[in-house]
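Structure first, commentary second.
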Amino acid sequence: MDSDESGWSTTAAGGAATVHRRESAPARQDRRGQTTIAPTVVQQIARITTEEVFGVYAVGGGMERAFGAIRERIPGASASRTSGVVVEVGETQAAIDLEIVVEHGAALMDLARAIRTNVITAVQRMTGLDVVEVNIAVNDVHLPGEDDQRSAAPTRVD
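Here the UniProt record's numbering is used: the first residue of the sequence shown is 1, the next is one more, and so on.
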């Protein structure tokens, strides 16, 4: 079995090579010990740095945000801090997929460029992983006053 630094390994079985993705957490070895970085760490870094970019209203798709709002209202439950962020982490590299909702009027290509720069810089600086790609899906546009209209809607019961 041959292995490379990306977290993929190949096995030659009967003359045919098969490719396998290792599922273990990445480990960085140096003289004094080993460091592992959980994928949720990369997810949280990516989420926080995406939310810091001006023009991003929320991270996550509409359904994820709706379920998150419901979870916040349930005593003892907590909203997922990684919804809308999917990562693939190898031993030395990471790939990140983001789903976002943008503020109305934001220049989407400039916003995507700023998000990529922010996420790549933060993940590489904090984890030492090489970020090979950041894919961004813009799922919705937040309109001014949209939240005010929802909260002012009359309820059926008191």
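Note that beta-carbon positions come from the ideal geometry of N, C-alpha and C, so glycine has one too.
None of the values given here were measured: they were computed from a predicted structure.
Notebook entry, point to check: What is the residue span of the alpha helix (DSSP H) that residue 122 lies within?
Noted result: Start and end: 108 to 127.
Query raised in the report: Exposed or buried, residue 36, counting other C-beta atoms within 10 Å across all chains shown (16 or more means buried)?
Result: With fewer than 16 Cβ atoms within 10 Å of its Cβ, residue 36 is classed as exposed.
For this session: Rank 34, 32, 87, 31 by C-alpha distance to the C-alpha of residue 44 and give the top, closest one.
Result: Nearest to residue 44 by alpha-carbon distance, out of 34, 32, 87, 31, is 87.
Hey, would you say residue 49 sits closer than 8 Å to residue 122, going by beta carbons?
Taking 8 Å as the Cβ cut-off, residue 49 and residue 122 qualify as a contacting pair.
Just how far apart, CA to CA, sit residue 55 and residue 34?
Taking the straight line joining both Cα atoms gives about 39 Å.
Does the beta-carbon of residue 111 have 16 or more other beta-carbons within 10 angstroms, so that it is buried, or is it exposed? Looking at its Cβ environment, which holds 16 or more other Cβ atoms inside 10 Å, residue 111 is buried.
| said: For the alpha helix (DSSP H) containing residue 42, name the first residue and the last one. | reply: Per DSSP, residue 42 belongs to the alpha helix (DSSP H) from 39 to 51.
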